[in-house]
Ligand code: SF4
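Below, the structure written as structure tokens:
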């Protein structure tokens, strides 16, 4: 368990990430002469800051296309930010030397949604789990079998089956192999990107319980990326809610569920069937997520927000602390605007 004084293991500081085709020289000249349009740019992340303390489990939640997987990949080191910094144990990751960078990369592992796509179908389970530890010198060749058995057991997979191939197993068993492969390089930090979304509900519960056991056993830290608030509730200490490339609310998990502040979080909660919310139903979310090619100005949520005001269309709200460790980015938290809309809460 962590407290507020535990230093961050990893931080995203003012991270933006854009995707777009880079024009070649001819295209640049054509754009300059007004003969061609500049290529479209996807604004996947817009000035995102998030810190994760050692031993903590942070849930990152939002609709499909909101940028949460991009943030997970940037934090995991698979993508570089367009702007901003990723700080690993207090140091800018882009400024680390080669050996420190390698250690940071090994210490951060990612577990993806589709367990089959993440496994090489031509390799046995033993080869899959032992490949990276052998490459990085974490285990001598002669001890490889015992080493693989140990990490398969950690992941709840029977080591007697290690000479088989991925297609011979169910989705849940394949995800356990992915978990064993990630653990075999002895990481500190796991980024789980929709890691249980493709599994049956009963298997989801087993894999979530496994993540929790491993946290205690191996002193792990997690960023748990999901579209499902109900799933992250069971695993997270803290939850960050993301909407169209920005984090709009961040709080300890019980605060998010008992006192959601941001209208978008309230709308997400309305989609989870819960007995205790029947007396305080929030309105379900309306409309589609706008395109990240052309995000709405001001508060990105304003075209779908039942409380939108004139100011929301032009001015992006800043995050303010609405309760201890509970941050929300909504103009309704500004006193003058709250007075203007007394009916909101
Ligand atoms: Fe709604 Fe305005 Fe708050 Fe955005 S800033 S969530 S549009 S009230």
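In my numbering, the protein residues as written are -4 to 340. Note that beta-carbon positions come from the ideal geometry of N, C-alpha and C, so glycine has one too.
Just to confirm my understanding: we take residue 367, look at its own chain, exclude 5 residues before and 5 after, and list those with CB closer than 7 Å. What are they? The question about residue 367 has no answer, for the chain in this structure spans -4 to 340.
Under the assumption that residue 35 contacts residue 288 (Cβ atoms under 8 Å), give the Cβ distance between them as a whole number of angstroms. 5 Å
Between which two residues does the alpha helix (DSSP H) carrying residue 247 extend? Segment 241 to 247 is the beta strand (DSSP E) holding residue 247; no alpha helix (DSSP H) there.
Identify every run of the beta strand (DSSP E) within the segment 76 to 110, keeping only runs that are complete inside it and at least 3 residues long; order them along the chain. 78 to 83 and 103 to 106
Do the CB positions of residue 85 and residue 182 come within less than 8 Å of each other? no
Where residue 117 and residue 229 are concerned, what is the direct C-alpha to C-alpha distance, given to the nearest angstrom? 35 Å
Mind checking whether residue 110 and residue 201 have CB atoms under 8 Å apart? Taking the C-beta atoms as reference points, residue 201 is found no nearer than 8 Å to residue 110.
Reference residue 267, options 326, 223 and 57, closest by Cα: When only C-alpha atoms are compared, the closest one is 223.
Contact defined as beta carbons within less than 8 Å: I believe residue 307 pairs with residue 257. What is the distance between those atoms, to the nearest angstrom? Contact doesn't hold; Cβ gap of about 12 Å is too wide.
Mapping DSSP to helix, strand and coil, what is residue 274? Reliability fails at residue 274, whose pLDDT of 45 lies under 50, so the model's placement of it is uncertain and the value that follows must be treated cautiously. Under the three-state reduction of DSSP output, residue 274 falls in the helix class.
Cα separation between residue 263 and residue 213? 33 Å
Quick one: is the Cβ of residue 313 within less than 7 Å of any heavy atom of the ligand SF4? no
For the ligand SF4, I want to know if residue 237 counts as a neighbour, meaning its beta carbon is within less than 7 Å of at least one of the ligand's heavy atoms. False, no ligand heavy atom lies under 7 Å from that Cβ.
Express the C-alpha separation of residue 254 and residue 274 in angstroms, rounding to a whole number. The pLDDT assigned to residue 274 is 45, lower than 50, so where the model puts this residue is not dependable; a value taken from the coordinates is nonetheless given after this. So the alpha carbons of these two residues sit roughly 14 Å apart.
Spatial neighbours of residue 63 within its chain, please: CB distance less than 6 Å, with the 5 preceding and 5 following residues excluded, ordered by chain position. 55, 57, 220 and 237
Between the beta-carbon of residue 241 and the beta-carbon of residue 75, is there less than 8 Å? no
Is any non-hydrogen atom of the ligand SF4 found closer than 7 Å to the C-beta of residue 105, if you look at the structure I gave you? No, Cβ of residue 105 sits at least 7 Å from all heavy atoms of the ligand SF4.
For residue 291, which residues in the same chain have their Cβ closer than 7 Å to its Cβ, ignoring the five residues on either side in sequence? 285, 297 and 298
What is the DSSP secondary structure of residue 189, reduced to helix, strand or coil? coil
CA nearest to the CA of residue 65, picked from 22, 121, 132 and 7: 7
Near residue 194, which residues of its chain fall below 8 Å by C-beta distance, leaving aside the five closest residues on each side in sequence? 166, 167, 170 and 202
Could you check how far apart the C-beta atoms of residue 108 and residue 188 are, in whole angstroms? I think they sit under 8 Å. Correct: roughly 6 Å between the Cβ atoms.
For residue 327, is the beta carbon positioned less than 7 Å from some heavy atom of the ligand SF4? yes
Rounded straight-line distance, which links the Cα of residue 37 to that of residue 15: 6 Å
Identity of the residue in 133, 47, 4 and 160 nearest residue 234 by Cα: 47
Just the C-alpha distance for residue 139 and residue 122, rounded to the nearest angstrom, thanks. 9 Å
Taking residue 227 as the reference, give the member of 310, 329, 319 and 191 with the closest Cα. 191
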